[in-house]
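S.K.: Numbering (the numbering used here), first residue to last: 40 to 152.
All C-beta atoms, glycine included, are put in the ideal place defined by N, C-alpha and C.
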């Protein structure tokens, strides 16, 4: 019996019944406890005089990143996004984010100029 594998680059069809596809995807990292996270808070200037507060270097699952991002956005009363191990919050909220993260037990520091 042959196997068909969909959405796999380079392998379309295999006649080997013992074929096992080896993916190049990295397994999702386990979420570190707040005391072991070393988060950095940046202020990034976007085009059109817009600024975004960015929290970088989060180590963990995408679900935990989204949860932390949602809590930070609610604490700041601003919109934003969570993607690629960083949280973006619209506006300059470095001080609020820093205090909130420290209160929750995270290791955080302000970075950049």
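Using DSSP bridges, identify the partner residues of residue 153.
M.R.: The displayed coordinates of the chain run from 40 to 152. Any statement about residue 153 would go beyond what the structure contains.
S.K.: Got a sec, what are the start and stop residues for the alpha helix (DSSP H) residue 110 sits in?
M.R.: Looking at the DSSP string, the run of the alpha helix (DSSP H) that includes residue 110 is 101 to 115.
S.K.: Which residues in the same chain have their Cβ closer than 7 Å to the Cβ of residue 149, if we skip the five residues on either side of it in sequence?
M.R.: Taken in chain order, the residues that qualify are 80, 133 and 137.
S.K.: For residue 76, count the other beta carbons within 10 Å of its own beta carbon; 16 or more makes it buried, fewer makes it exposed. Which is it?
M.R.: Buried: at least 16 other Cβ atoms inside 10 Å.
S.K.: Would you report the Cα separation of residue 7 and residue 128, rounded to the nearest angstrom?
M.R.: Residue coverage of the chain in this structure runs from 40 to 152, which leaves residue 7 outside it and unanswerable.
S.K.: Along the beta strand (DSSP E) that carries residue 128, what are the first and last residues, could you check?
M.R.: Taken as a continuous stretch (DSSP letters only), the beta strand (DSSP E) holding residue 128 covers 125 to 129.
S.K.: Where does residue 134 fall in DSSP's three states?
M.R.: In this structure, residue 134 counts as helix in the three-state DSSP scheme.
S.K.: How far does the beta strand (DSSP E) with residue 93 in it extend, from its first residue to its last?
M.R.: Residue 93 -> beta strand (DSSP E) spans 89 to 95.
S.K.: How many angstroms separate the CA atom of residue 44 from the CA atom of residue 55?
M.R.: Reliability of the predicted coordinates at residue 44 is poor, the pLDDT of 49 falling under 50, and the value obtained from them is presented with this limitation in mind. Going from the Cα of residue 44 to the Cα of residue 55 covers about 12 Å.
S.K.: In chain order, what residues of the same chain lie with their CB nearer than 8 Å to the CB of residue 69, ignoring the 5 residues before and after it?
M.R.: Hits under 8 Å: 99 and 100.
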